[in-house]
Amino acid sequence: MTTAVATQRKPFVGELLGRSDYAIIGEIVEPNTMVLDLGCGEGELLEWLAENKGVDARGVEMSGVKVQRAIARGVSVYQGDIDEGLADYPDQAFDYVILSQTLQETRTPVKVLREMLRVGRRAIVAFPNFGHWSVRMSMLFTGKAPKTKLFPHDWYDSPNIHVLSVDDFESLAAREGLTVERRYCLAGHRRITMLQNLRAEVAVFLVRK
Amino acid sequence: MIVETQSRRFDSISLDNGATLAPVDVAYESYGELNEAKSNAILVLHAFSGDAHAAGVSAETGKPGWWDNMIGPGKAFDTDKYFILCSNILGGCRGTTGPGSIDPATGRPYAMKFPVITIRDMVRLQKMLIEHLGIQRLLAVTGGSMGGMQALEWAVSYPESVAAAIPIATTARHSAQQIAFNEVGRQAIIADPDWSEGNYYEGKPPARGLAVARMVGHITYMSDESMREKFGRRLRSKEKYGFDFSVDFEVESYLRYRGSEFVNRFDANSYLYITKAMDYVDLAGEGGSLATTLEKVKARFLVISFSSDWLYPSYQSLEIVRALRRRNLNVAYCELQSNYGHDAFLVDVAEETDLIRGFLTSTFKDKVRETAA
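And the structure:
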């Protein structure tokens, strides 16, 4: 298993379970904390956090088949909808609530973000950057809904219903009065600091109220 | 694996209704080995008509246990790793004290003098057995249907003694519909003249009433779809309708067979007492909230329901899951897709096995880690 970490100083970010955003999340999460992963899929990240960081790991996932696989690997996941599903949790029940590559798929992203910071002290949000130059070029030159490496779907079968850019998230965080504690912008395995909204493929934010 | 049912007698047990039963016998079986730390014990809780014979081949009858597809080497409840226990419930008729047992005060069967019991009473007796076996804390308690009700009661009544609970196809509160079906069964028995106010032990048992009760039960355990697949409108050993009230359809034949077979292995008075215990299940209490009842619970949970189960529908499992979440307890939940209705937890076990195996493995790992720390 690759466990290379991203740090503020190192420009290169490794992979965790084949993903660089997971490597960053794996670094952010402090040991022995309570973590809720929304849209956790088959629970790979939660399993890793439980094994390697002693985290009390819980997850929510819509797909019944993925829930089954997650539970079969020993992760406590329940089948439910992120848009509705957090209501039962008490306030500040978790140290971190993770939303990885899913914010753009939710029906009510602002409500989800608020709920994340009600049930969790901190939110970790990772998303593909719709402001990336390839998206802009695709739209400019084809005049059609952009299809790129980051957004590979046709408009009619895309799960992404609320696409956003790095700057969009910054604006929303400011509007919601959130503090951005850390921001990682990635192009491939390279962490970038200049022209982030244009060059970042994936962004990972650590925010709190 | 040949297994023998064992029995243990306790001096007495105090019941929720204020009565005391003395003495009280409990029939149980075990599979696998208890480890030195006594940390690998799992208590399996049977459903309404089950018994202590959950797995292996009975030395007495030569029959496999009711959950033999789930308990054994390499199965969901892996006897190579875990020590599995199953006991007949209080009020039952398969070795544990029930209305058919001899009342020492009279030398005759208790019959309707048997006290009305609750699920909590059943669990109290199981706790006595576990303590007798020297087990402080169970790795898991599990069961489907009424077994699930007992699993929930364990987690609530003995929070220090349960590391994990796996309630399957069950509820924390018996609904009007569930009470209604139980009442139909009870009335079928009581309406049978052979019931004789419950005093039939020296004569003819209320076989017709008990058989009808069981027929109703079996309908609720299946689904519309599973009945269509299994029977459809197929006729039984005939080409045309009989134009009489003998058996025309396969489904009639099946229900009659199930009903009459049940009479041979079940006591009608136990039927009355056990269904009543189920009907009293309401963990939240009158006007209370389930989350409040769960306040002291420490166990982690795996809750499982089945899509076609209309007797214990998924919404009842979800109520349990929501209340656990309100308490911020560790809970995994999945509704499995199955056509088998309520029976699914007994017969449609492939996916159920994957879930339980994974859940138990991580629970056991946590427990070992805990002990080390």
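Residue numbers (our numbering), protein chains in the order written: chain A, 10 to 218; chain B, -1 to 371.
Positions of the beta carbon are idealized from the N, C-alpha and C atoms, including for glycine.
Which residues in chain B sit within 9 angstroms of P99/A, going by Cβ to Cβ distance? Simply R323, R324, R325 and N326.
Contact check, P118/A vs H171/A, beta carbons under 8 angstroms: yes
Proximal chain A residues relative to Y331/B, where beta-carbon distance stays under 7 angstroms: Y87 and Q88
What residues in the stretch 230 to 252 of chain B have a beta carbon less than 7 angstroms from any beta carbon of chain A? Listed by position, the residues of the stretch 230 to 252 of chain B near chain A (Cβ gap below 7 angstroms) amount to none.
In the structure shown, what three-state DSSP assignment does F178/A receive? Reduced to three states, the DSSP call for F178/A is helix.
Under 8 angstroms, Cβ to Cβ, is there at least one residue of chain B near F21/A? No, F21/A does not count as interfacial toward chain B.
Under 8 angstroms between C-beta atoms, does T169/B make it to chain A? no
Cut-off 7 angstroms between Cβ atoms - residues of its own chain near R92/B, not counting five sequence neighbours on either side: A25, D49, A50 and N86
Quick check on the DSSP output: the alpha helix (DSSP H) that includes F179/B runs from which residue to which? In the DSSP annotation of this structure, the continuous segment of the alpha helix (DSSP H) that includes F179/B starts and ends at A174 to A189.
Tell me, which residues are paired with L45/A by DSSP? R67/A and V106/A
Beta strand (DSSP E) segments (min. 3 residues) lying fully within the stretch 202 to 275 of chain B: none
For V69/A and F103/A, the rounded distance between their alpha carbons: 14 angstroms
Just grab the DSSP bridge partners of F304/B for me. L334/B
Identify whether T140/B lies in helix, strand or coil by the three-state DSSP scheme. Looking at T140/B - three-state DSSP - the assignment turns out to be strand.
Compare the C-beta of G50/A with all C-beta atoms of chain B and state if any pair is closer than 8 angstroms. no
Residues near S155/B by beta carbon distance below 7 angstroms, same chain, minus five either side: R118 and V121
Taking Cβ-Cβ distances shorter than 7 angstroms, what residues in chain B pair up with Q77/A? The CB of Q77/A comes closer than 7 angstroms to the CB of C332, E349, D352 and L353 in chain B, given here in chain order.
Within-8 angstroms CB hit, S221/B to chain A: For S221/B, the answer is no, since every Cβ of chain A falls outside 8 angstroms of its Cβ.
Counting contacts by CB-CB distance shorter than 8 angstroms, is E24/A in contact with chain B? No Cβ of chain B is located within less than 8 angstroms of the beta carbon of E24/A.
Is S360/B close to chain A, meaning its C-beta is less than 8 angstroms from at least one C-beta of that chain? yes
For S85/A, report the span of its beta strand (DSSP E) as first-last. S85 to Q88
Counting beta carbon pairs with one atom in the stretch 314 to 332 of chain B and one in the stretch 180 to 189 of chain B, are three or more of them shorter than 8 angstroms? no
Taking P137/A as part of the beta strand (DSSP E), name the residues at either end of that continuous run. Here the beta strand (DSSP E) through P137/A covers G129 to P137.
Checking contacts by CB at 8 angstroms: is R199/A closer than that to chain B? no
So, is the C-beta of R130/A closer than 8 angstroms to a C-beta in chain B? no
Kindly indicate the opening and closing residues of the beta strand (DSSP E) around E190/A. T188 to A196
Would you please verify whether the beta carbon of R82/A is less than 8 angstroms from any beta carbon of chain B? At least one CB atom of chain B sits nearer than 8 angstroms to the CB of R82/A.
Would you say A183/A faces chain B, with C-beta separation under 8 angstroms as the test? no
Using a Cβ-Cβ cut-off of less than 8 angstroms, list which residues of the stretch 108 to 129 of chain A approach chain B; keep chain order. none
Three-state secondary structure (DSSP) of R7/B: strand
Just the Cα atoms here: how many angstroms apart are I40/B and Y80/B? 7 angstroms
Positions along the stretch 55 to 82 of chain B whose CB lies within less than 7 angstroms of some CB in chain A: Those residues of the stretch 55 to 82 of chain B that come within reach of chain A (Cβ to Cβ, closer than 7 angstroms) do not exist; the list is empty.
Rounded straight-line distance, which links the Cα of V216/A to that of G23/A: The alpha-carbon separation between G23/A and V216/A amounts to approximately 22 angstroms.
Find out if the Cβ-Cβ distance for the pair F8/A, A212/A is shorter than 8 angstroms. Since the displayed chain A opens at 10 and closes at 218, residue 8/A lies outside it and no answer follows.
Output the distance between the C-alpha atoms of L181/A and Q77/A, rounded to the nearest integer angstrom. 35 angstroms
So, at 8 angstroms on beta carbons, what are the nonlocal neighbours of E190/A in its own chain, with the 5 sequence-adjacent residues on each side left out? R131, L215, V216 and R217
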